[in-house]
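Chemist: Numbering (this note's numbering), first residue to last: 221 to 358. Below you'll find the structure I mean.
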Ligand code: HEC
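And the structure:
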């Protein structure tokens, strides 16, 4: 009788432990998602470039619906994006800039002075990848 009981009890305890840990893990993830109202850091020199060459299309005040929806620097800075989303957007910034896709060519044909210089491009790429790495560690 005693042996039979332990045969049932041990797997039962294991099961409870498993459920408990998966639950606390979920709680932790929720906690992380909620707690990150930590606005992302944008140094003044980076902000100056973004304000001059990006936020015209990527901010609350921007006219374009699609560009605003895909990347909104206001939401980015005021903590409206979750950490996961922020990391993903930072990755996308690096990707778009590495490919020389932003600002869009059509727009640059009209406003050539909005093209990023080599230095500006590098500055934004470095900033985005550094911020991404910091967030991934947290
Ligand atoms: C003239 C408007 C305009 C300007 C200026 C502009 N963008 Fe964009 N951006 C767009 C549009 C439109 C899209 C959506 C492209 C698509 O998906 O077809 C986009 C997409 C993006 C995306 C992709 C987001 C995603 O989730 O896929 C990133 C990142 C981005 N832009 C960054 C920038 C940065 C950084 C700058 C400044 C250097 C910039 N953009 C300047 C119009 C603009």
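Ideal Cβ positions, reconstructed from N, Cα and C, are used throughout, including at glycine.
Whose CA, out of 312, 226 and 331, lies closest to the CA of residue 345?
Modeler: Considering only alpha carbons, the answer is 312.
Chemist: Between which two residues does the alpha helix (DSSP H) carrying residue 372 extend?
Modeler: The question about residue 372 has no answer, for the chain in this structure spans 221 to 358.
Chemist: Please report the Cβ distance between residue 297 and residue 355, rounded to the nearest whole angstrom; I am assuming they are in contact, meaning their Cβ atoms lie under 8 Å.
Modeler: Between residue 355 and residue 297 the Cβ distance is about 14 Å, and since that is not below 8 Å, they are no contact.
Chemist: At a threshold of 6 Å, does residue 316 count as lining the ligand HEC (C-beta to nearest heavy atom)?
Modeler: Because some heavy atom of the ligand HEC lies under 6 Å away, the Cβ of residue 316 counts as near it: yes.
Chemist: Looking only at its own chain, which residues have a Cβ that is under 6 Å from the Cβ of residue 256, when we skip the five neighbours before and after it?
Modeler: Residue placement at residue 256 cannot be trusted, given a pLDDT of 46 that sits under 50; what the coordinates show is reported in the next sentence. Excluding sequence neighbours, residue 256 sits near 303.
Chemist: Under 6 Å: does the beta carbon of residue 262 sit that close to some heavy atom of the ligand HEC?
Modeler: Because no heavy atom of the ligand HEC lies under 6 Å away, the Cβ of residue 262 does not count as near it: no.
Chemist: Can you round the beta-carbon distance between residue 334 and residue 323 to whole angstroms, since I take them to be within the 8 Å contact cut?
Modeler: Confirmed, about 5 Å.
Chemist: Is the beta carbon of residue 314 less than 7 Å from the beta carbon of residue 264?
Modeler: Not in contact: residue 314 and residue 264 (Cβ atoms no closer than 7 Å).
Chemist: Consider the C-beta atom of residue 290 and the heavy atoms of the ligand HEC; say whether any pair is separated by less than 6 Å.
Modeler: Answer for residue 290: yes, Cβ within range of the ligand HEC.
Chemist: Let me check you understand the geometry: is the CB of residue 307 closer than 6 Å to at least one non-hydrogen atom of the ligand HEC?
Modeler: No; taking the cut-off as 6 Å, the Cβ of residue 307 has no heavy atom of the ligand HEC nearer than that.
Chemist: In this structure, how does DSSP classify residue 337 when only helix, strand and coil are distinguished?
Modeler: Correct three-state label for residue 337: coil.
Chemist: Counting along the chain, where does the alpha helix (DSSP H) carrying residue 326 start and finish?
Modeler: 325-330 is the span of the alpha helix (DSSP H), which, as asked, contains residue 326.
Chemist: What did DSSP end up calling residue 263 once you bin it into helix, strand or coil?
Modeler: Correct three-state label for residue 263: coil.
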